[in-house]
Amino acid sequence: MNNQTEVKTKPSFGVLWQKYGTMGIFLLLLAVLTIAKPSSIFNPDSIPQILKQSAVNILLALGEFFAILIAGIDLSVGAVAGLVGMLTAMLMVNGIPVIPALLLGILIGTMIGFCNGMLVNKTGLHPFIITLGTQSIFQGLMLVISDSRNIYGFPASFTKTMSASILYIPVPVIIALIVAAVCAFFTTKCKAGRNIYALGGNMEAAWYSGVNVNLHRLLVFMISGTCSGIAGIVLLGRVGAAAPTAGTGYETYAIAATIIGGTSFMGGKGKILGVVIGGMIIGIINYGMTALMIPSSYQKIVMGALIIISVAIDHFVAKAKN
Numbered sequence: 000m001n002n003q004t005e006v007k008t009k010p011s012f013g014v015l016w017q018k019y020g021t022m023g024i025f026l027l028l029l030a031v032l033t034i035a036k037p038s039s040i041f042n043p044d045s046i047p048q049i050l051k052q053s054a055v056n057i058l059l060a061l062g063e064f065f066a067i068l069i070a071g072i073d074l075s076v077g078a079v080a081g082l083v084g085m086l087t088a089m090l091m092v093n094g095i096p097v098i099p100a101l102l103l104g105i106l107i108g109t110m111i112g113f114c115n116g117m118l119v120n121k122t123g124l125h126p127f128i129i130t131l132g133t134q135s136i137f138q139g140l141m142l143v144i145s146d147s148r149n150i151y152g153f154p155a156s157f158t159k160t161m162s163a164s165i166l167y168i169p170v171p172v173i174i175a176l177i178v179a180a181v182c183a184f185f186t187t188k189c190k191a192g193r194n195i196y197a198l199g200g201n202m203e204a205a206w207y208s209g210v211n212v213n214l215h216r217l218l219v220f221m222i223s224g225t226c227s228g229i230a231g232i233v234l235l236g237r238v239g240a241a242a243p244t245a246g247t248g249y250e251t252y253a254i255a256a257t258i259i260g261g262t263s264f265m266g267g268k269g270k271i272l273g274v275v276i277g278g279m280i281i282g283i284i285n286y287g288m289t290a291l292m293i294p295s296s297y298q299k300i301v302m303g304a305l306i307i308i309s310v311a312i313d314h315f316v317a318k319a320k321n
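Sequential numbering of the sequence shown, starting at 0, is according to numbering that gives the first Met the number 0.
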């Protein structure tokens with residue numbers, strides 16, 4: 000008989016941060032905004048706006064999530080969203096029916112992701128370098144194909160659908176949640192999804208275990224391109240026009256949402272639910288600072304600080320475990 004008594008130890012900061020950090024930031028942010036200006040944050044008009052703004056952030060962050068999960072990054076997500084939105088707009092304006100135009104737009108996003116993945120695999124360069132270059136290429140293509148002009152005049156069916164709500168939930172939010180559910184199923188129930196986690200945890204060990212590194216890395220960037228393409232279409236419906244600068248800077252929001260959502264920049268760790276909450280946090284920050292009439296330049300300062308703080312905490316937590 001074992002007479003030894005079990006000693007219960009208090010959970011460390013690292014454990015608490017991993018479990019409750021994202022939700023804690025979310026609740027703290029709501030509390031601060033409630034105190035600062037409750038009338039502008041919580042009313043029947045503001046909540047749908049926050050949700051719509053968060054939908055694009057969530058979709059882009061879902062794509063970024065997979066890139067960061069393998070200890071990489073995709074700096075082109077915002078540019079891909081803008082380019083897909085531009086091309087989809089041109090298809091609809093030139094008489095292509097809405098559904099085929101949207102499907103073609105998403106397919107273009109997937110193919111762009113395929114190109115990013117192939118470049119990473121064939122060159123052996125870090126995704127940071129590849130996607131930094133393709134980001135600039137895609138932004139330039141938007142200016143060229145649009146002749147630096149906005150494109151508008153979409154079919155009424157598209158604009159009405161994207162501005163509609165189902166059971167008081169805006170359609171863009173429903174789209175984002177469906178994509179998030181598919182991604183969650185993929186990462187938890189599919190072998191390829193589990194292999195991507197293994198790839199991020201230890202690429203060499205994954206290779207020795209029989210994981211096709213290049214194939215899964217290619218898949219990661221295809222998923223990122225697909226999510227970015229869907230985000231571009233949602234952004235197109237929200238704005239009502241395709242601007243040649245659309246998506247610029249959105250990669251910062253995507254990275255911030257992913258990291259704040261608990262995804263480790265070192266790879267191999269993160270959950271889709273955290274990414275969704277992270278996207279909502281970014282949406283609330285943007286809306287709240289606008290409601291408080293804080294200049295957009297300060298919003299960028301806040302985003303940058305959040306990324307640094309979140310990555311720093313993740314780094315120190317990981318270091319404390321070793």
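For every residue, glycine included, the Cβ atom is placed at its ideal position computed from N, Cα and C.
Given the structure is predicted, the values throughout are model-derived calculations rather than measurements.
Under the three-state reduction of DSSP, P169 is assigned to strand. Beta-carbon to beta-carbon, F113 and G192 are separated by about 18 angstroms, too far to satisfy the 8 angstroms threshold.
If you compare the alpha carbons of N115, G23, A88 with that of R148, the shortest gap goes to A88. Annotation for S227: the continuous alpha helix (DSSP H) segment containing it runs 212-238. Rounded to the nearest whole angstrom, the CA to CA distance from Q48 to G23 is 22 angstroms.
G209 has its alpha-carbon roughly 46 angstroms from the corresponding atom of V238. Assigned with DSSP and collapsed to three states, I150 falls in strand.
Annotated three-state conformation of S164 is strand, per DSSP. Of all alpha-carbon atoms in G116, I174, G152, the one lying nearest the alpha-carbon of I129 is that of G116. 8 angstroms or more divides the Cβ of A180 from the Cβ of L58. Boundaries of the alpha helix (DSSP H) harbouring A205: 202-207, taken from the DSSP string. The alpha carbon of I300 has as its nearest neighbour, out of M91, P96, G248, K51, the alpha carbon of G248. Rounded to the nearest whole angstrom, the C-alpha separation of G20 and I67 is 18 angstroms. The alpha-carbon of I307 is positioned some 13 angstroms away from that of Y252.
CA-to-CA, the gap between L103 and I312 works out to about 41 angstroms.
When rounded, the separation of the alpha-carbon atoms in V143 and I174 is 30 angstroms. Residue nearest to V76 within the set F137, P294, I283 is F137 (criterion: CA-CA distance). Secondary structure note for T109: its alpha helix (DSSP H) is the uninterrupted segment 97-122. Put simply, the backbone Cα of A155 is about 29 angstroms away from that of G278. Taken through DSSP and simplified to helix, strand or coil, A35 comes out as helix.
Looking at the DSSP output, A241 shares a beta bridge with I150. The beta carbons of F185 and M91 sit no closer together than 8 angstroms.
Rounded to whole angstroms, the Cβ separation of S45 and Y286 is 7 angstroms, and the two are in contact under 8 angstroms.
Burial check for T109: the Cβ neighbour count within 10 Å reaches 16 or more, so the residue is buried. Distance from I232 to V83 at the Cβ level is roughly 7 angstroms; contact confirmed, criterion being Cβ atoms closer than 8 angstroms. Taken through DSSP and simplified to helix, strand or coil, L142 comes out as helix.
Annotation for T251: the continuous alpha helix (DSSP H) segment containing it runs 249-259. In the DSSP assignment, L82 falls within the unbroken alpha helix (DSSP H) covering 76-92.
By the CB criterion at 8 angstroms, I150 and M202 fall outside the cutoff. DSSP, read as helix, strand or coil, puts I69 in coil.
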